[in-house]
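Before any comments, here is the structure.
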Ligand code: GDP
């Protein structure tokens, strides 16, 4: 039991949300590269990116189908749930949002908030999904973090909490000052990992000013931080990090980071922020469902009766794959599960964890996890699968609301 809980706390079910072209695919690709999931870097333009499973998707150059890919970072498992950025797939975004616990919203450092980033942001608001913002393409001519943050504040209305100061701009964007820990990370080239260095002399004053602004902002939003700030007139790095985590999880603030996915800069601090600030399956409300007309809640407890939601069905080389978010209980290979929507039982022949380039066969999956089931023949997208001895029909994903484009 204890090990289950430790494992659950180290899971992040993460979505990457963005306007088409903001760099979602490239960010995903670089995350898989940084976490060692892939050793070859795929590029969007040559159709080798590993999250694009479907030939149609490669042809169209847009991410159509949500794929779930697992990777590891800092002793955490990150299940990346791809969410389409194209407005025609709003229902699919809705289904992805339903099964993830936190998201990274990617913005273009030149364009800032674009109409589709706005609509997907509103969808995430409706689902109460805690977010981190990643201002991408800092290497582009005209990239401007402050302006992008300003457009996030004006158009999306969160309280942006900017935790980095870029080092260099456009072509010379080479690193970031981490304002929480007051240290710098620099990238020597486009393939290597970050090197930690002291804050460059010429940026010390500016970094101190921005750190102060960040402290004042979090103190304004968080009573415990305010108390420490009033007592000591400053906040320690640990208090600041803990406060940023609370504000992210409650949705009262959005941590903002920056980088250039294309040039492989800013990905490691982004992963650190995902682990530090976004919630685990234990930190989100229990799932709700109905049985015999009565509403029930089921917590993310591996010992509870099994309940999961099918959020994606793929025809893979291994047969029909049903991607399932396990909300409660444990499912084992060979188990029989019930689909209360159709009244049918299904037998789980195999349980797979989808990595970027391969499947791992699992004996079981527990609450909080995202896996693909083989052998589930008829359950459709949106279906509940549950323990036949403890039936529960989970609320299906909603249809997306019509998108109102803001030009
Ligand atoms: P998606 O539509 O959001 O998945 O965006 P992609 O990842 O496909 O990226 C769209 C285009 O922007 C591609 O041509 C990428 O090579 C390019 N791109 C992505 N990230 C960056 C970046 O950090 N800097 C620059 N200059 N281009 C980028």
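Residue numbers (our numbering): 883 to 1289.
Yeah, the Cβ is synthetic: ideal placement off N, Cα and C, and Gly gets one too.
* Cβ-based burial, residue 1079 [other Cβ within 10 Å; buried from 16] -> exposed
* Three-state secondary structure assigned by DSSP to residue 899 -> strand
* **Spatially closest choice to residue 1194 from 914, 910, 897 and 950, by CA coordinates** => 950
* Just curious, the alpha helix (DSSP H) that residue 1105 is in, first and last residue? -> 1105-1114
* **Exposed unless 16 or more other CB atoms sit within 10 angstroms - verdict on residue 1163** => buried
* To do: Kindly indicate which three-state DSSP category residue 943 falls into: helix, strand or coil?
  => With a pLDDT of 34 at residue 943, under the threshold of 50, the modelled position of this residue cannot be trusted; read the value that follows with caution. Three-state result, residue 943: coil.
* Proximity of residue 986 and residue 1059 at Cβ, strictly below 9 Å -> no
* Asked: Using CA coordinates, which residue listed in 958, 899, 900 and 907 is at the minimum distance from residue 1250?
  -> 958
* Cut-off 6 Å between Cβ atoms - residues of its own chain near residue 1271, not counting five sequence neighbours on either side -> none
* **Boundaries (first-last residue) of the alpha helix (DSSP H) holding residue 1007** => 997-1008
* Asked: So does residue 897 have its beta carbon nearer than 8 Å to some heavy atom of ligand 1?
  -> no
* Between 1203, 1188, 1179 and 1166, which lies nearest to residue 982 when the distance is taken from Cα to Cα? -> 1166
* Asked: Given a threshold of 16 other Cβ atoms within 10 Å of its Cβ, counted over all protein chains shown, does residue 1177 qualify as buried or as exposed?
  -> exposed
* Going along the chain, which residues of its own chain have a beta-carbon closer than 6 Å to the beta-carbon of residue 1143, five neighbours each way excluded? -> 905, 908, 909, 912 and 1018
* Asked: How many angstroms separate the CA atom of residue 1266 from the CA atom of residue 1055?
  -> 47 Å
* Cβ of residue 976 within 9 Å of Cβ of residue 998? -> no
* Asked: What residues in its chain sit with their C-beta under 8 Å from that of residue 1230, if we drop five residues either side in the sequence?
  -> 1213, 1214, 1215, 1216, 1217, 1218, 1219, 1255, 1256, 1257 and 1258
* Measuring CA to CA, which of 1236, 1003, 1046 and 901 is closest to residue 1148? -> 1046
* **3 or more residues per run - each beta strand (DSSP E) lying fully within the segment 1233-1284** => 1241-1244, 1246-1248, 1252-1256 and 1266-1268
* To do: Helix, strand or coil for residue 1125, going by three-state DSSP, please let me know.
  => helix
* Asked: Which residue or residues does DSSP assign as beta-bridge partners of residue 1047?
  -> 1059
* Asked: residue 1224: buried (16+ other C-beta within 10 angstroms of its C-beta) or exposed?
  -> exposed
* **Neighbour-count burial assignment, residue 1081, 16 or more Cβ in a 10 Å radius** => buried
* Asked: Is the segment 1178-1194 touching the segment 1087-1097, taking contact as three or more C-beta pairs under 8 Å?
  -> no
* To do: Pick helix, strand or coil for residue 1194, following the three-state DSSP scheme.
  => strand
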